[in-house]
Amino acid sequence: MPCLHQTLRRTAYLAAFALAFSIQAQVSGEGLSRLDAFLDAYVAEGRIPGAVLQVTHDGRTVYHRAAGSRDRETDERMQPDTIFRIASMSKAVVSAAVMMLQERGELLISQPIGDYLPEYAATTVAVPGEDGSVEIVDAVRPITIRDLLTHTAGIGYGYGPAAVDWQAADLQHWYFGHRDEPIRETVRRMAQLPMDAQPGEQFVYGYNTDILGALVEVVSGKTLDVFLATEIFEPLGMVDTSFYLSPARADRLAVVYSLGQDGALARADGDTPFHGQGHYVDGPRASFSGGAGLLSTTADYTRFLEAIRKGDGILGRKSVELMTANHIGDRFAFAPGSGFGLGFAVVLDVGARGEPGSVGEFSWGGAYHTQYWVDPAESLTVVYMTQIIPAAGLDDFGKVRTLIYQALD
13 MPCLHQTLRR
23 TAYLAAFALA
33 FSIQAQVSGE
43 GLSRLDAFLD
53 AYVAEGRIPG
63 AVLQVTHDGR
73 TVYHRAAGSR
83 DRETDERMQP
93 DTIFRIASMS
103 KAVVSAAVMM
113 LQERGELLIS
123 QPIGDYLPEY
133 AATTVAVPGE
143 DGSVEIVDAV
153 RPITIRDLLT
163 HTAGIGYGYG
173 PAAVDWQAAD
183 LQHWYFGHRD
193 EPIRETVRRM
203 AQLPMDAQPG
213 EQFVYGYNTD
223 ILGALVEVVS
233 GKTLDVFLAT
243 EIFEPLGMVD
253 TSFYLSPARA
263 DRLAVVYSLG
273 QDGALARADG
283 DTPFHGQGHY
293 VDGPRASFSG
303 GAGLLSTTAD
313 YTRFLEAIRK
323 GDGILGRKSV
333 ELMTANHIGD
343 RFAFAPGSGF
353 GLGFAVVLDV
363 GARGEPGSVG
373 EFSWGGAYHT
383 QYWVDPAESL
393 TVVYMTQIIP
403 AAGLDDFGKV
413 RTLIYQALD
């Protein structure tokens with residue numbers, strides 16, 4: 013017969029477990045229903061063409077809804093399985109691929125990238141002068157894989173001090189769908205150009221993850237599309253994630269719209285290479301941009317994020333902890349109260365951030381107005397997708413966030 017102390021301890025344990033379970037499991041259906049009204053109103057007011065929102069709590073999808081149109085002109089409705097250009101949401105996937113290679117002992121993120129891509133063994137930096145001149149100097153140290161994961165390699169999108177050189181090399185902008193050149197060759201050409209800052213000096217958002225994609229190819233011996241498909245997408249059941257679409261899936265791709273300063277939505281076909289439907293269906297299919305090239309659905313991307321959150325899918329728990337720690341001190345200026353890890357922004361101070369969330373939350377988004385975040389403290393994963401570029405003055409991200417958190421009892 014157990015002693016009184018053992019009985020009390022067991023009772024306290026069970027009570028604590030029950031309380032923790034009830035906290036994790038309680039999401040207000042009435043609270044979540046406010047999301048319906050919000051999404052429908054923004055569609056009706058012409059602020060967004062349509063969107064798909066998926067909310068997963070404690071491993072269970074508690075909200076998954078499509079609102080509005082995939083194509084406003086043909087009145088084709090948005091569906092839960094609509095496919096979106098996720099642009100920079102590709103970065104987290106490729107960053108995870110690099111961490112998988114480290115877990116297998118095939119590289120260390122502390123290593124110079126030049127150990128695998130020799131053209132990066134010694135790079136240069138463009139230093140602007142007060143008179144408008146630009147001096148090209150040697151990098152003070154080699155760029156490391158960790159520099160690329162944290163966007164502190166000094167590599168932008170070709171618009172820095174040496175923009176003229178990057179433009180001449182046809183290396184500006186994040187969009188690669190129209191390029192008839194393997195990513196390994198594009199990355200090789202990048203190495204010959206002056207970077208925007210010294211390695212480790214500052215957060216510079218740019219081609220870092222495209223270079224990591226080339227690294228994955230060299231280390232694994234597989235093209236990036238094959239590595240991601242066989243090592244991440246297929247194991248996780250991400251059946252609708254790829255760099256390019258098969259003809260059978262082309263009619264599921266959401267149309268891109270623009271929201272100008274006048275607040276009016278307009279179809280964005282043909283204005284620039286990154287608008288329109290063409291390259292994802294009929295392009296050369298030669299370039300696999302690890303930084304901004306993937307297509308996906310909310311369900312697929314939720315599977316990826318849940319695997320990261322749990323640390324029991326494609327990566328181990330300690331790798332996830334490393335990825336979601338702040339690696340760059342106070343050099344991240346994109347959002348107050350935040351730092352940057354290995355592919356993710358991370359929340360350090362909720363008060364400084366100024367919006368609902370938790371310390372330890374990790375997130376990012378994409379150029380076509382997609383966003384995700386994972387809040388481990390609340391066992392919460394959110395993926396929100398629409399297709400608007402530019403999205404001038406649109407405040408849906410903040411309102412979606414607030415409406416989700418108010419539904420947590």
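At position 295 of the sequence shown the residue is numbered 307 (this note's numbering), and the sequence of numbers has no breaks. Built from N, CA and C at the ideal position, the CB exists for glycine as well. Since this is a predicted model, take the numbers as computed values, not measurements.
Proximal residues to residue i (C-beta, below 6 angstroms), its chain only, five neighbours per side dropped
{"i": "A165", "result": "I155, D159, P211, N220"}
Cβ-based burial, residue i [other Cβ within 10 Å; buried from 16]
{"i": "T86", "result": "exposed"}
{"i": "A37", "result": "Its pLDDT being 43, under 50, A37 is placed unreliably in this model, and the value from its coordinates should be taken loosely. So A37 ends up on the exposed side."}
{"i": "A108", "result": "buried"}
{"i": "A260", "result": "exposed"}
{"i": "R413", "result": "buried"}
{"i": "G172", "result": "buried"}
{"i": "L129", "result": "buried"}
{"i": "D143", "result": "exposed"}
{"i": "D150", "result": "exposed"}
{"i": "E390", "result": "buried"}
{"i": "V176", "result": "exposed"}
Three-way DSSP call (helix, strand, coil) for residue i in this model
{"i": "T164", "result": "coil"}
{"i": "E373", "result": "coil"}
{"i": "R153", "result": "coil"}
{"i": "T86", "result": "coil"}
{"i": "Y396", "result": "strand"}
{"i": "A403", "result": "strand"}
{"i": "E147", "result": "strand"}
{"i": "Q91", "result": "coil"}
{"i": "S45", "result": "helix"}
{"i": "I35", "result": "Below a pLDDT of 50, predicted positions are generally treated as unreliable, and I35, at 40, falls in that range; the measurement from the model is reported next regardless. If DSSP states are grouped into helix, strand and coil, I35 belongs with the helices."}
{"i": "A133", "result": "coil"}
{"i": "G351", "result": "strand"}
{"i": "S107", "result": "helix"}
{"i": "P124", "result": "strand"}
Contact set for residue i: own chain, Cβ-Cβ below 8 angstroms, skip 5 residues either direction
{"i": "A311", "result": "Q66, H76, P92, D93, D252"}
{"i": "G295", "result": "G189, H190, Y256"}
{"i": "G410", "result": "E367"}
{"i": "R201", "result": "A181, L183"}
{"i": "A347", "result": "A357, R365"}
Whole-angstrom distance between residue j and residue i, CA atom to CA atom
{"i": "D361", "j": "H163", "result": "21 angstroms"}
{"i": "G369", "j": "T336", "result": "15 angstroms"}
{"i": "Y132", "j": "I167", "result": "12 angstroms"}
{"i": "V230", "j": "T135", "result": "19 angstroms"}
{"i": "L248", "j": "H69", "result": "18 angstroms"}
{"i": "G303", "j": "W186", "result": "7 angstroms"}
{"i": "L161", "j": "A241", "result": "21 angstroms"}
{"i": "D222", "j": "E42", "result": "43 angstroms"}
{"i": "S145", "j": "L327", "result": "46 angstroms"}
{"i": "L20", "j": "V74", "result": "Note on L20: pLDDT 37, under 50, position unreliable in the model; the coordinate value appears next. L20 and V74: Cα-Cα distance of roughly 35 angstroms."}
{"i": "Q204", "j": "P194", "result": "17 angstroms"}
{"i": "P402", "j": "D237", "result": "28 angstroms"}
{"i": "G405", "j": "G275", "result": "8 angstroms"}
{"i": "D52", "j": "R315", "result": "26 angstroms"}
{"i": "L16", "j": "R321", "result": "Low local confidence applies: a pLDDT of 39 at L16 is under 50, so the model's placement there is unreliable, with the coordinate-based value given in what follows. Their Cα atoms are separated by approximately 39 angstroms."}
{"i": "T235", "j": "V228", "result": "8 angstroms"}
Whole-angstrom C-beta distance between residue j and residue i, which should lie under 8 angstroms
{"i": "M101", "j": "T382", "result": "6 angstroms"}
{"i": "N338", "j": "G353", "result": "6 angstroms"}
{"i": "I60", "j": "A266", "result": "That pair is no contact at about 11 angstroms."}
Own chain partners of residue i with C-beta closer than 7 angstroms, once the 5 adjacent residues on each side are dropped
{"i": "F432", "result": "Nothing in the structure corresponds to residue 432, since the chain is present only between 13 and 421."}
{"i": "E88", "result": "S81, R82"}
{"i": "E147", "result": "V139, G141"}
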